[in-house]
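Top line first, the protein sequences correspond to chains E and G. If you count the first sequence from 1, position 454 lands on 506 in my numbering, and the numbers rise without skipping. If you count the second sequence from 1, position 134 lands on 210 in my numbering, and the numbers rise without skipping. Have a look at the structure below before the remarks.
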Amino acid sequence: MKNYTTNLVRGVAILAGLSACIAGAAFADSGAELPKRPESINFKPLEFQPPKSADYRHVLSNGVAVYMIPSKEFPLINVSFSFRSGAHIEEKPGVAQITSAMIRRGGTTSKSATDLDEEFDFLAANATPGSLNALKSNFDEAFALYMDMIRNPGFQEDKVRVYKDEQIESMKQRNDDADNILARTGGLLMWGDKHPEGRVVTKDQFEAVTIDDMKKYHARVYQPGNLIIGITGDFEQQEMISKLESAFSGWAKGEPVPDPTDTDHKFTPGLYYVEKDIPQGKFVVTSRGIKRDDPDAIPCLVMNDILGGGGFTSRLMKRIRSDEGLTYGVGSGFQTRVYYPGTFGVRTFSKNKTVALTAKMVYEELDKIRNTPVTQEELDVSKKSFIDTFPRTFESKVGTVNVFIDDEWTRRPADYWQTYRDKLNAVTIDDVRKMAQKHIDPAKLMMLVVGKWSEVAPGDPNETRDSHKANMAMLPGGQNPTRLPLLDPLTQQPLPMEEATKP
Amino acid sequence: MRSWLLTLTVAAAFVAPAAAQQIQVEEFTLDNGMKFLLYPRTEEPNIIAAGWLAKVGSVNERPGITGISHFFEHMMFKGTNTIGTKEPEKDLEFRMKQKAARDKILSITFNTQYPRWKEGEIDDPWDPSNDTDELSKARGELTTLMEEHKKIIVKDEFDKVYTELGASQMNAFTSNDVTFYFISVPANKFELWAWMESDRLVDSVFREFYSERDVVHEERRLRTESTPTGIFQEQFDAMFWQSSPYSWPVIGWTSDLNSYTKEQAEEYFNIYYRPNNLVGVIVGDFKSEEIKPVIQQYFGRLSRGPVEPPPVVTLEMKQMAEQRMYAECDCQPQIEVRYKTVPFGHKDSYPLEVMSDVLNSRSGRLYKSLIEGKKIASTAAAQASGFFGAAKYAGSFSFNSETKGDAKPEQLEAAWYEELDKLQKEPVSERELLKVKNQTIANQYRRLQNNFFIMVQLGILENLGGWRHINDDSAKIQAVTAEDVMRVAKQYFEKTNRSTAIYTRLASAATEAEDPEFAAVKEKVGPQMAGMLKKQLDQIKKETDLAKLKQASEQMAQAIGAGQIPPQMADGVKYMQQKLNERIAELEKGAK
């Protein structure tokens, strides 16, 4: 073995010299000089016009919209039934989730749950309450089962029990993973415990949902007045329309579900932490953001991309991961919402003792993007990337009909995709700075850390470089951090804190 | 069974399309040995998914350099003499100086710190807080060099070039068996991919060879050390595989990750990253005749390696005794029972696959028996090794399940053996078999619907045994009989061939607060007493010495009887006695 390795190393050294010659030879053979840099390659232009939803929209006799894009590639048919739903119309917390699960798992009024599962599986059809993917050869059988399921769900009692038990077991694991603690606690701080975005359903609330509650919710949501359909795959359009018409006969139409509303809760900026004995502290720095249709949304998209949204080309990733090796991943995002402002946030993680340094650098980057112009190159990379990857939005047919459905539900302006690239192109260096100043205020952010506070708080005691000395007290709110209790995974009640480590 | 007849007729009409979808892939091999798989597909217009793989993973490593395959994956994004620097000569100088500094650190670590650690003088030879003055100085020199070097590095330029030109989904992964680099590019930019990928293959410089370790340590903390069961799964793998190189983690052992040298990296590169060990895979909107000359032009300049990659010699030894592991963690109580089976492509891998399918899904056996019937599990699944992870040189079959309510992992284990027993004694029903086969046919189409996913599958399969598996395996599943399933269920599931990991929840504040009784007691005795009580209760919970517990219980009963307990503590003591007796009962029950 030893011999083998030695030979090999020598071989390598010889070859390193050799390969340069061979490479040179290959150039000569091909006759053409390769471009010195990738930017100097001559690319043919790529023409792309986004599809217009109106070209694919049909309307059934009961007024339900259907988007269809057929394809002969595989003998499969994919049906999306998009019913507008959500926790915002719940009378009891948890109803939306349980009802949706039980429509699929609780059988129908004339078929046991076990039979329904068995038949779907035997037909090799994948069904959820909102979709069916089935082979063309047995589509009619699968579609009949699917329609029976969404029109006449059985809510079989013993299966409700099994589902509730399963969910309660998974609730028990809420404190096992730091990410879950971060998300749950962060949601409560940001949205409060009344709004669906912050609320966490407890075991008792979950148990309190009755079959009558599910029936009521089902009647409200799963009806043709609250439905848009998308179909892709191997089918004839006229034939499919007739299938839908006959499947819908006698199905009473109700009102569409109303838009969700914002929370009344106002979050309090500051530094918060939850104790968890793990080697790596995870944190988020966050505030409320903007609505999807806000005129600032596109310039914010570019600003965020340069800051931390653009993966390895973003500033946060370059500095905190690539330059400093402090994390494996860091990113920022404006998670817009359609009906109320979403959130802005930076999320990352680092070994406990460098959490403070990592956070310090995050805040420095926020200041920087607010106070100094981005470079023309940064702006160009970001804009070109969005524009060149734009065709991917409509890459697959399933994805395309889902965009159409979503746009119709959320009343997106009809020319949105047609003008998307122009709006991106129009973003300037000045816009980027204005957006950062307008939508990110470092003094009004909330930071939440999950980790071992006794190691997190003081920072790295062995750090010798002045620029890299950091502790949590240096950060906004750091003089006065608020320790939050871990919440009981089943009741959401605070757990005792006396056992936690002190700095 | 009302619907039995109906579905049977459906089935009869349905088994017909057993001749599953075939995709036509063109093979194209350059003189230097690099093979390309080309699959033009216009269903997703304007996009090409492109990737290349090195037929190397952690299975090709050895102790001392574990994790180097994965580390290489990180290195490959760090640029060349063109990408990542504006001053290649100066850049080389920095790299040489850093190498010298790092070699010094390693030499001190192995010659001074390892002996100090062996003799018990320090607790960790790698921890900088244990550094000698000399080592600390050397480390400082390296840090300074890295800081200085940063100033001339064009950071993440590789990503920047791709991003700016409209590429997306750029990533790579390393598994036990393969290292795979991939991306989606706009259909007019195939040449960009050829330029970038051949450049990093012909001219990789391993920039940031030392600083990137910190990122990988963070990755390890993220994936292995900060997840509920990560470190235990790593330990279980190490226990499960005895002689096979699958026993070490893909990310590598911590000490090895600290130690890779430039020489080791170069040796590794020259064996495994030469064209004769690489495969390119292109799927999407292109014409073969247009891209072949581009491939030739760019990848033709790679030169064949000095030696053929050595074979993976070490076979897994036959296991002679059952293995068990018990872990306590912040996790749902759960169990894994894992068996050694066969590598990818083995004729028995198909019946093993069918066996797992019969067990899985809501209409499968495990759900019906463990979740709905016995009501002891919240999840239950069987997994035959196949595609990702360790599969090329050896295989495994796992049963995984999490408890429900008060059930113990041991009950899940017993229930699994019952299911196994049935599979060994009775052939699976025709209907179950047909159901699995029907699903295989539909999934054969479903898996071919996305350029990116097709590209990844072709590459992985090519490494495991040939891309044609994408077309051929469906027919092999169709050919499996009930007898085949029974035979493999007997052959591979002996007691001596199994390893079991049992996970129980670490006693903590989290579980205590769920107990409403304790909350009531706390109210009566006040927080200070409750705190003391809780510590006692935790000890009781962990105590396994029955005699000790009985003695404590007796003493307590005597104290209560003699009126020695102050009234304000009475409720607390009574509660403690109750828990003591519960623990005694629990241990006695377990002993039987």
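Note that the Cβ used here is the ideal one computed from N, Cα and C, for glycine as well.
Using a Cβ cut-off of 7 Å, pull out every chain E residue sitting near residue i, in sequence order please.
i: G:I517; result: A176
i: G:T158; result: R89
i: G:I447; result: V214
Check each candidate in the options and name the one with the smallest Cα separation from residue i.
i: G:M172; options: G:H225, G:P321 and G:N539; result: G:H225
i: G:L354; options: G:A341, G:E366, G:G376 and G:S335; result: G:G376
i: G:T580; options: G:S445, G:L241, G:R297 and G:M401; result: G:M401
i: G:L129; options: G:T239, G:R138, G:F148 and G:L613; result: G:F148
i: G:Y344; options: G:A583, G:V292 and G:M151; result: G:M151
i: G:Q615; options: G:R659, G:K180, G:M110 and G:A460; result: G:R659
i: G:K480; options: G:L488, G:F473 and G:S474; result: G:L488
i: G:A623; options: G:L656, G:A646 and G:D207; result: G:L656
i: G:D275; options: G:G160, G:N519 and G:L510; result: G:G160
i: E:C352; options: E:Q387, E:K328 and E:K104; result: E:Q387
i: E:T395; options: E:A235, E:A411 and E:P90; result: E:A235
i: E:S222; options: G:A551, G:N573 and G:S454; result: G:S454
i: E:E143; options: E:D229, E:K267 and E:T480; result: E:K267
i: G:P351; options: G:N108, G:A661, G:D621 and G:I636; result: G:N108
i: G:Y257; options: G:R289, G:S145 and G:A263; result: G:S145
i: G:D167; options: G:S280, G:Y521 and G:L182; result: G:S280
i: E:T315; options: E:K449, E:E85, E:M242 and E:R463; result: E:M242
i: E:T379; options: E:E416, E:F335, E:L418 and E:P122; result: E:F335
Which residue comes first and which comes last in the alpha helix (DSSP H) that contains residue i?
i: E:P103; result: Premise fails: E:P103 is in no alpha helix (DSSP H) and is neither H nor E.
i: E:K38; result: No statement about residue 38 of chain E is possible, as the shown extent of chain E runs from 53 to 555 and does not include it.
i: G:E149; result: I144 to M151
i: G:E267; result: F266 to V278
What is the rounded straight-line gap between the Cα of residue i and the Cα of residue j?
i: G:F464; j: G:S251; result: 7 Å
i: E:D217; j: E:M154; result: 13 Å
i: E:G360; j: E:G397; result: 10 Å
i: E:S164; j: E:G158; result: 8 Å
i: E:M53; j: E:N523; result: In this prediction, E:M53 scores a pLDDT of 27, lower than 50, which makes its location untrustworthy; no coordinate-derived value is stated.
i: G:A589; j: E:L547; result: Note on G:A589: pLDDT 45, under 50, position unreliable in the model; no value is reported.
i: E:S134; j: G:L113; result: 39 Å
i: G:K368; j: G:V359; result: 13 Å
i: E:A68; j: G:D332; result: Here the model assigns E:A68 a pLDDT of 34, short of 50, so the residue's position is not dependable and the matter cannot be decided.
i: E:P541; j: E:I220; result: 9 Å
i: G:I259; j: G:N122; result: 14 Å
i: E:L538; j: E:I233; result: 8 Å
i: G:W269; j: G:V430; result: 39 Å
i: E:T400; j: E:K521; result: 19 Å
i: E:N185; j: E:L296; result: 15 Å
Name the chain E residues whose beta carbon is nearer than 9 Å to that of residue i?
i: G:D332; result: Here the premise fails: no neighbours, minimum Cβ distance about 17 Å.
i: G:P304; result: Q225, D228 and D229
i: G:L499; result: Ordered by position in chain E, no residue passes the 9 Å Cβ test against G:L499, which lies about 19 Å from the chain.
Can you find a CB in chain B that lies within less than 7 Å of the CB of residue i?
i: E:P537; result: In the structure shown, chain B cannot be found, because the protein chains are E and G.
Run through chain G and tell me which residues come within less than 9 Å of residue i, C-beta to C-beta.
i: E:F100; result: P121, N122 and P262
i: E:P97; result: N264
Which bits of chain G does residue i rub up against, with CB to CB less than 7 Å?
i: E:I93; result: E267, L268 and W271
i: E:Y380; result: V291, E294, E295 and L298
i: E:H373; result: The question names His, yet the displayed sequence has Arg at residue 373 of chain E. V291, listed in chain order.
Using a cut-off of 8 Å between C-beta atoms, extract the partners of residue i located in chain E.
i: G:G242; result: K436, S437, I439, D440 and T441
i: G:N514; result: F174, L175 and A176
i: G:T390; result: Going along chain E, no residue has its Cβ under 8 Å from G:T390, so there is no contact; the nearest lies around 13 Å.
Taking the continuous beta strand (DSSP E) assigned at residue i, which residues delimit it?
i: E:M499; result: M498 to G503
i: G:Y568; result: No beta strand (DSSP E) holds G:Y568; DSSP gives it neither H nor E.
Mind pulling the chain G residues with CB within less than 8 Å of residue i?
i: E:Q332; result: E294, R297, L298, E301 and S302
* To do: Tell me the start and end of each unbroken alpha helix (DSSP H) in the stretch 483-566 of chain G that is at least 4 residues and wholly inside, in chain order.
  => 485-501, 506-522, 527-540 and 545-554
* Quick one: which unbroken beta strand (DSSP E) runs of 3-plus residues sit fully inside the stretch 228-261 of chain G? Chain order, please. => 244-250
* What are the complete beta strand (DSSP E) segments, minimum 3 residues, inside the stretch 108-193 of chain G? -> 111-116 and 123-130
* Asked: Can you list the beta strand (DSSP E) stretches of 3 or more residues lying completely in the stretch 163-250 of chain E, in chain order?
  -> 178-180 and 183-187
* Asked: At which residue ranges does the stretch 415-446 of chain G contain complete alpha helix (DSSP H) runs of 4 or more residues, listed in the order of the chain?
  -> 425-435
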